[in-house]
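Colleague: Have a look at this one before I ask anything.
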Amino acid sequence: MSPSATRIAWSVLALGAASVLAFAALLDPDARGYGTHEQLGIPPCGMRAFLGVPCPGCGLTTAFAHLARADLAAALEANPAALLLFSLTAAAVPFATASAIAGRPFTPVLAHPWTARVALLVVATLLLTWIVRVCPA
Numbered sequence: 782m783s784p785s786a787t788r789i790a791w792s793v794l795a796l797g798a799a800s801v802l803a804f805a806a807l808l809d810p811d812a813r814g815y816g817t818h819e820q821l822g823i824p825p826c827g828m829r830a831f832l833g834v835p836c837p838g839c840g841l842t843t844a845f846a847h848l849a850r851a852d853l854a855a856a857l858e859a860n861p862a863a864l865l866l867f868s869l870t871a872a873a874v875p876f877a878t879a880s881a882i883a884g885r886p887f888t889p890v891l892a893h894p895w896t897a898r899v900a901l902l903v904v905a906t907l908l909l910t911w912i913v914r915v916c917p918a
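Per the working numbering, the sequence shown starts with residue 782, numbered consecutively.
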């Protein structure tokens, strides 16, 4: 990837992450603990509609909206995995911005051992949250 393409890619990532945080601040968290994404014109969760159980991502948008208001308790109730994802999204803004300015290549970041560990942690957190929600106590 050329240096200018790398800078553009990092800039897109920074703007995308900042946009997610901005939209989270603008949305009104749905009182049900899920469904906030419907304010963006996105249809309701198909898994919940057809199977009657939440998907692993149910409540993430609602939790992001709560976290944007610093309401940790409501966010954890909506989807505990959102705390990790919101933190990563917030950290991505300055990191990607600095990377764009410095022209940092993607490959070392993607090849870094922590990248895979963080990705695995995100997937494991989403799945564990989902299993706890779906399986009766």
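Virtual Cβ for every residue (Gly too), placed ideally from N, Cα, C.
Predicted model only: the values in this text are computed from it and were never measured.
Nearest CA to the CA of LEU869: which residue from ALA854, THR896 and ALA830?
Modeller: As a position in the sequence shown, residue 869 is number 88, starting the count at 1. Looking at the Cα atoms, THR896 is the closest of the given residues.
Colleague: Return the chain-ordered list of same chain residues with a C-beta closer than 8 Å to the C-beta of MET828, the five sequence neighbours on each side being excluded.
Modeller: Working through the sequence shown from its first residue, we reach residue 828 at position 47. VAL834, PRO835, CYS836 and CYS839, listed in sequence order.
Colleague: Output the residue ranges of the beta strand (DSSP E) runs that lie fully inside the segment 843-887 and measure 3 residues or longer, sorted by chain position.
Modeller: Listed in chain order, there is nothing to give.
Colleague: Which residue marks the beginning of the alpha helix (DSSP H) containing LEU796, and which one marks its end?
Modeller: By 1-based counting over the sequence shown, the position of residue 796 is 15. First-last of the alpha helix (DSSP H) with LEU796: 784-807.
Colleague: Report buried or exposed for HIS847, applying the criterion of at least 16 other Cβ atoms within 10 angstroms of its Cβ.
Modeller: As a working mapping, residue 847 is identified with position 66 in the sequence shown. Buried.
Colleague: How do the segment 847-865 and the segment 881-889 stand: do at least 3 beta-carbon pairs fall below 8 Å, yes or no?
Modeller: Counting Cβ pairs under 8 Å, fewer than three are found: no touch.
Colleague: Figure out for me which residue from LEU864, ALA863, LEU865 and VAL890 has the closest Cα to the Cα of PHE876.
Modeller: Looking up residue 876 in the sequence shown gives position 95. Comparing Cα positions, the closest option is VAL890.
Colleague: When the Cα atoms are used, what is the spatial distance from SER783 to ILE789?
Modeller: What you label residue 783 is simply residue 2 of the sequence shown in a count that begins at 1. What you label residue 789 is simply residue 8 of the sequence shown in a count that begins at 1. Rounded to whole angstroms, SER783 to ILE789 spans 10 Å at the Cα level.
Colleague: Could you check whether GLU819 and PRO810 sit closer than 8 Å to each other, using their CB atoms as the reference points?
Modeller: Locating residue 810 in the sequence shown gives position 29, counting from the first residue. Locating residue 819 in the sequence shown gives position 38, counting from the first residue. For PRO810 and GLU819, no; Cβs fall outside 8 Å.
Colleague: Between the beta-carbon of THR817 and the beta-carbon of LEU807, is there less than 8 Å?
Modeller: Translated into positions along the sequence shown, residue 817 becomes position 36. Translated into positions along the sequence shown, residue 807 becomes position 26. No, they are not a contact pair.
Colleague: Can the beta-carbon of LEU865 be found closer than 8 Å to that of LEU902?
Modeller: The residue labelled residue 865 in the question sits at position 84 within the sequence shown. The residue labelled residue 902 in the question sits at position 121 within the sequence shown. Contact flag set, yes.
Colleague: What are the start and end residues of the alpha helix (DSSP H) that includes ALA830?
Modeller: Translated into positions along the sequence shown, residue 830 becomes position 49. Counting along the chain, the alpha helix (DSSP H) containing ALA830 begins and ends at 827-832.
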